[in-house]
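As they're listed, the protein sequences go chains A and B.
With the working numbering as the guide, the letters of the first sequence map in order to residues 1 to 390.
With the working numbering as the guide, the letters of the second sequence map in order to residues 1 to 165.
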Amino acid sequence: MKNPLSQKVVQLEPSGIRKFFDVVNEMKDAISLGVGEPDFDTPWRIREEGIYTLERGRTFYTSNAGLMELKVEITKYLKNRVNVSYDPKSEVLVTVGGSEAIDMMFRAMIDPGDEVLIPQPSYVSYLPCAVMADGVPVVIPLKNENQFKLTAEELEAAITPKTKILVMPFPNNPTGAIMTREDLAPIVDVVIKNDLYVLSDEIYSELSYMGDHVSIASFPGMKERTILVNGFSKGFAMTGWRLGYACGPAPIIEQMTKIHQYAIMCAPTNSQYAAVEGLKNCMGEVQKMREAYNQRRRYLMHEFKRMGLECFEPYGAFYVFPSIKEFGMTSEEFATRFLEEEKVAVVPGTAFGECGEGFLRISYAYSLEDLKEALGRLEHFITRLRAGKK
Amino acid sequence: MANKETRRAILNYIEKNSKADLGDLAIMLGTDEVTIANEIQDMEKEQIICGYHTLIDWDKAGSDMITALIEVRVTPQRDQGFDKIAERIYNFPEVTSVYLISGGYDLLITLEGWTLKDVSQFVSEKLAPVEAIMSTATYFILKKYKDHGTIMVPQKKPERMLVTP
């Protein structure tokens, strides 16, 4: 028999962390700080709209790029929140989660050999998606001492004549790092000087705790070279609805829509209607959730400080990224032992790139009570480790 | 944090959880415990915070506490409007709330009693004979689905996976 598999797929680096995830998800009695999705249910208004949509029999395809009503609301929202204006007719594509938008963008823009700059630690799908699109991923390791922000020097050092796309994953999963306007300005200069395109993954934009999120697309000269990816999963607590979008220059969106049309057809119809309700009437709930996350973020930082666990203060998403280097273990060893000995799941930093070694991703998408219980066990664990080292 | 903002944040938090630990609250709001304690004390004095109650599911506690809603039509009294008659009603300890209502009737009363007889006695002996009260209509609550913003029926268990990227 012929080899049934594509060599490209087989050679894709298997996510080593998958195994760890499988072990954790099998453990019935474990508690967790490892979840990458909100603990809040989707606001009821949105759910109710989803139900109503089904009752109304709105069970058909929408147009490929998405419901016009939703695209109009998305453009209003972006104008209002990040001050970038898009044409709903030609510059918006509604996708099956932000992940699809990332995939579509790479497939629409990359020719074989084009280099894609991927700052890490970052979300797991940029690198494999770039490879699947025949691009060459080039990792930029971000540093703890820079609070895991991307600096212009790091960016410039990674650019070659083949560089085409820079991924900007901020607010960042897993570090919680954000890029302020001041942080972005020098990056913008380098991007324009070197004629790069930017994939700005802003899925955590609503979860920004130091003033409003700033989109790189809002800088002069950047809208025409940025694909802004966002969605409803995090800010609106809609992970399971699978709904995101990409906005950018019409010629790119047109090609992305073409692939999307063949591969996906359209994003789920009832999710689209529900999202319209979310954008129109749920910003208050989004703000309440943001406030709750921010309170827990402060609580977690306070507790880490008290435990003497080294951690820069992150201002975005719902993650903190403490260093565990003092314990002389790899991230995976630490996470595995913590799980076995204290029954708490955390995600090793290496799940998000090699430069995540020595760190853990800890999520605060949990109630205060859950956080307290898990932090109590963490303190117990590290106290024991420290005592053992003496 | 500005004083007004601190107050709003405190109120938002303790509205749902009056048992909140002040130390935790201070950490979560990015301020200190003394500030929180002072603000709460001030708001108690100003009667912005009017009390701390416990939301009890009496059914589960094994008590057959019943709640009645009573609509009351009133003849407003000269110079005193509805306030005088409202006062007369709200001073009964079994009355848990009294609202002045726009629409077909004037006062809406909620009443907690141990038995149907308690409630009917209250209506017939305390309310109906009052001269200013023109009529009453009493409704019994059969089931509390949601009370004071809290859903009283059993809630689902969390279904998130333990770890996701």
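For glycine and all other residues, C-beta sits at the position ideal for the given N, C-alpha and C.
Exposed unless 16 or more other CB atoms sit within 10 angstroms - verdict on Leu150 (chain A): buried
The region 202–220 of chain A contacting the region 64–77 of chain A, beta-carbon criterion three pairs below 8 Å: no
Anticipated Cβ contact below 8 Å, Thr398 (chain A) with Asn194 (chain A), distance rounded: What the structure shows of chain A is the stretch from 1 to 390, and residue 398 (chain A) is not part of that stretch, so it cannot be assessed.
Pair within 8 Å by beta-carbon distance, Glu73 (chain A) and Val347 (chain A): no
Alpha carbon of Asp178 (chain B) to alpha carbon of Gln147 (chain A), nearest angstrom: With chain B covering only 1 through 165, there is no way to say anything about residue 178 (chain B).
Closest Cα partner of Val94 (chain A) within the set A:Ala108, A:Thr269, A:Lys28: A:Thr269
4-residue-minimum alpha helix (DSSP H) runs that sit fully inside the region 93–134 of chain B, ordered along the chain: 116–121
Any C-beta of chain A under 8 Å from that of Asp147 (chain B): no
Touching by the beta-carbon criterion (3+ pairs, under 8 Å), the region 56–72 of chain B and the region 123–142 of chain B: yes
Beta carbon proximity, Asp24 (chain B) to chain A, threshold 8 Å: yes
Below-8 Å beta-carbon distance, Asp6 (chain B) vs any chain A residue: Before going on, a small fix: residue 6 (chain B) reads as Thr here, not Asp. Cβ-Cβ to chain A under 8 Å: no for Thr6 (chain B).
Interface partners of Thr164 (chain B) on chain A, CB under 7 Å: Val35, Gly36, Glu37
Cβ-Cβ separation, Leu228 (chain A) to Glu202 (chain A) (assumed contact under 8 Å), whole Å: 6 Å
8 Å Cβ cutoff met for Gly316 (chain A) and Ser233 (chain A): no
Proximity test, Cβ basis, 8 Å: Ile10 (chain B) and chain A: no
Contacts of Ser32 (chain A) in chain B (Cβ-Cβ under 7 Å): Leu162, Val163
Three-state secondary structure (DSSP) of Ser32 (chain A): strand
Counterpart residues of Asn230 (chain A) in DSSP-defined beta bridges: A:Tyr245
Leu375 (chain A) beta carbon less than 8 Å from that of Arg296 (chain A): no
Any chain A beta carbon closer than 8 Å to Met152 (chain B): no
Interface flag, Leu55 (chain B) vs chain A, CB-CB below 8 Å: no
For Thr336 (chain A), the first and last residue of its enclosing alpha helix (DSSP H): 331–342
Buried versus exposed, by CB contacts within 10 Å (16 or more), Pro112 (chain A): exposed
Selection of the region 25–38 of chain B by Cβ proximity to chain A, strictly under 9 Å: Leu25, Ile27, Met28, Leu29, Gly30
Beta-ladder partner(s) of Arg377 (chain A), from DSSP: Answer is none; Arg377 (chain A) lacks a bridge partner.
Continuous beta strand (DSSP E) stretch holding Gln155 (chain B): start and end: Here Gln155 (chain B) belongs to no beta strand (DSSP E), and DSSP marks it neither H nor E.
Asp195 (chain A) in three-state terms, based on DSSP: coil
Span of the alpha helix (DSSP H) around Ala158 (chain A): 152–158
Same chain only: Cβ atoms within 7 Å of Val95 (chain B), ignoring 5 sequence neighbours per side: Ile89, Ile109, Leu111
8 Å Cβ cutoff, Asn25 (chain A) in contact with chain B: yes
Chain B contact for Tyr293 (chain A) (CB, 8 Å cutoff): no
Pick from A:Gln287, A:Ser99, A:Tyr366, A:Val214 that is closest to Val84 (chain A), judged by C-alpha positions: A:Val214
Alpha helix (DSSP H) segment containing Ile51 (chain A), residue limits: 44–55
Within-8 Å CB hit, Leu368 (chain A) to chain B: yes
Beta-carbon separation (whole angstroms), Ile216 (chain A) vs Ser200 (chain A), contact threshold 8 Å: 5 Å
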